[in-house]
Amino acid sequence: MKKIKIGISIAILILGAGILWWQLENKTGIEAKENQIAYQPPVAVASKPPINVNTTQSSPPVIPLPLPPVKESLLTTFDDLKKLADAGDRKASCRLGLELVRCKWHNGYVAAHKKNIEILAAMSKDDAKYSQTARQNQNFERLIARDKSVCAGFPMESTTDGWRYVFAAASAGDGYSAVKFAQGMSLLSPTEPRPLDTAEGWVAYRQNAFPMLEQALEQGHPQAALILSRFHRAPQFGSQLAPKDPIKSIAYLMAIKSIAASEFKEQLAVEIEDHLESSKLTVAERMNAESLAILIASKFRNVPKDGVDFRNDLFERNDGSECR
Numbered sequence: 109m110k111k112i113k114i115g116i117s118i119a120i121l122i123l124g125a126g127i128l129w130w131q132l133e134n135k136t137g138i139e140a141k142e143n144q145i146a147y148q149p150p151v152a153v154a155s156k157p158p159i160n161v162n163t164t165q166s167s168p169p170v171i172p173l174p175l176p177p178v179k180e181s182l183l184t185t186f187d188d189l190k191k192l193a194d195a196g197d198r199k200a201s202c203r204l205g206l207e208l209v210r211c212k213w214h215n216g217y218v219a220a221h222k223k224n225i226e227i228l229a230a231m232s233k234d235d236a237k238y239s240q241t242a243r244q245n246q247n248f249e250r251l252i253a254r255d256k257s258v259c260a261g262f263p264m265e266s267t268t269d270g271w272r273y274v275f276a277a278a279s280a281g282d283g284y285s286a287v288k289f290a291q292g293m294s295l296l297s298p299t300e301p302r303p304l305d306t307a308e309g310w311v312a313y314r315q316n317a318f319p320m321l322e323q324a325l326e327q328g329h330p331q332a333a334l335i336l337s338r339f340h341r342a343p344q345f346g347s348q349l350a351p352k353d354p355i356k357s358i359a360y361l362m363a364i365k366s367i368a369a370s371e372f373k374e375q376l377a378v379e380i381e382d383h384l385e386s387s388k389l390t391v392a393e394r395m396n397a398e399s400l401a402i403l404i405a406s407k408f409r410n411v412p413k414d415g416v417d418f419r420n421d422l423f424e425r426n427d428g429s430e431c432r
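Taken in order, the sequence shown gives residues 109 to 432; the numbers are from my numbering.
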């Protein structure tokens with residue numbers, strides 16, 4: 109059985125490190141300037157959403173309208189989705205945000221694939237990196253083919269507000285958008301600075317990612333627990349985004365292990381033991397973590413019969429099909 113370093117994968121995902129795009133652009137982020145900032149409780153959860161999503165108490169409820177099919181070209185659906193999102197439809201905002209991010213990545217895949225072709229042409233097949241680069245390009249080809257029907261021809265300059273729409277949907281209470289916002293996938297860009305590299309994006313993330321994740325957990329999203337474990341364990345982007353709490357961090361991992369797909373359970377068990385050892389919890393504290401894990405697991409909703417495939421959800425599903 110192939111072991112998947114899910115702990116490492118998620119840490120890489122949240123931190124936005126080890127991504128090919130970063131190697132291509134070689135840009136530094138604002139997180140380097142915010143080195144080791146202690147946890148500070150957020151002043152508010154988004155005082156003003158960056159996109160005009162209707163969240164006021166006095167406004168009449170927005171009646172969701174049917175959205176275009178997920179697999180339709182964004183060239184065709186963009187105007188309708190934007191109109192609905194700007195009018196306050198959080199599902200449309202979630203969908204539009206993730207579609208824009210998806211197409212920004214698509215353009216990045218195309219650029220990276222082209223660059224790799226040039227690299228391979230100048231490289232000897234005996235070179236140790238040749239097979240690795242070739243496999244990388246095969247994966248790019250798969251991803252390009254997957255998103256081509258939605259993203260082909262959509263202008264890159266029109267994708268820059270993707271993270272804002274995801275954030276707006278999360279601010280309006282959509283748990284799935286909150287997870288996407290917090291895990292960083294919706295913030296990463298293959299060819300431009302990330303929103304986290306701007307004052308606006310970094311402040312939005314630092315003030316809102318943690319409370320949004322807690323809200324998403326209450327809505328039953330297991331992926332929120334995975335990221336919350338990281339937040340409570342160590343700084344992210346050089347800042348402690350949640351109070352450091354080894355009991356909670358371990359409890360989240362225990363809860364996740366109880367509903368994870370079989371191929372992840374062994375690796376999670378190893379990670380939990382490593383965390384327990386490094387945290388030096390007492391017997392009583394371990395018992396508290398186990399009790400808390402049961403409570404956390406009781407919040408999870410819509411768990412597949414075969415368990416949650418965290419790898420597939422985090423790395424593959426970014427098309428807005430789960431927006432609610």
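Even glycine gets a Cβ: it sits at the ideal position worked out from N, Cα and C.
What does DSSP give as the partner residue(s) for residue i in the beta ladder?
i           : result
residue 378 : None, per the DSSP bridge assignment.
residue 416 : 368
With residue i as the anchor, note down where its alpha helix (DSSP H) starts and where it stops.
i           : result
residue 186 : 182-194
residue 211 : 198-229
residue 319 : 307-326
residue 249 : 238-259
residue 288 : 283-291
residue 270 : 270-279
residue 394 : 391-405
On the premise that residue j lies in contact with residue i, defined as a C-beta separation below 8 angstroms, what is that separation, rounded to the nearest angstrom?
i           : j           : result
residue 242 : residue 251 : With 8 angstroms as the limit, residue 242 and residue 251 do not qualify as a contact, their Cβ atoms being about 15 angstroms apart.
residue 207 : residue 258 : 7 angstroms
residue 178 : residue 415 : Not quite, the Cβ-Cβ distance comes to about 24 angstroms (not below 8 angstroms), so this is no contact.
residue 248 : residue 221 : 4 angstroms
residue 404 : residue 363 : 4 angstroms
residue 202 : residue 284 : 7 angstroms
residue 204 : residue 195 : The pair is not a contact, with the Cβ atoms about 12 angstroms apart (cut-off 8 angstroms).
residue 376 : residue 368 : 6 angstroms
Measuring CA to CA, which of the options is closest to residue i?
i           : options               : result
residue 431 : 232, 280 and 394      : 280
residue 339 : 268, 330 and 356      : 356
residue 402 : 376, 372, 361 and 374 : 361
residue 413 : 393, 273, 366 and 397 : 366
residue 212 : 269, 330, 376 and 381 : 269
residue 271 : 254, 317 and 226      : 317
residue 274 : 199, 344 and 343      : 199
residue 320 : 395, 382, 193 and 290 : 290
residue 310 : 277, 333, 337 and 344 : 344
residue 381 : 236, 392 and 358      : 358
residue 327 : 282, 307, 342 and 308 : 282
residue 245 : 353, 175 and 219      : 219
residue 267 : 223, 253, 190 and 372 : 190
residue 330 : 224, 417, 185 and 276 : 417
residue 174 : 188, 394 and 333      : 188
residue 210 : 230, 223, 278 and 253 : 253
residue 216 : 232, 185 and 256      : 256
residue 400 : 276, 333, 379 and 373 : 333
residue 276 : 394, 197 and 395      : 197
residue 383 : 235, 341 and 176      : 341
residue 325 : 226, 176, 278 and 391 : 278
residue 353 : 391, 397, 378 and 315 : 397
residue 337 : 236, 379, 307 and 186 : 379
At a threshold of 7 angstroms, does residue i count as lining the ligand HEM (C-beta to nearest heavy atom)?
i           : result
residue 376 : For the structure depicted, the ligand HEM is absent and the ligand set is empty, with no information on it obtainable.
Do the stretch 399-414 and the stretch 255-272 meet, that is, are 3 or more Cβ pairs less than 8 angstroms apart? no
For the 8 angstroms Cβ check, are there 3 or more pairs between the stretch 343-352 and the stretch 383-400? no
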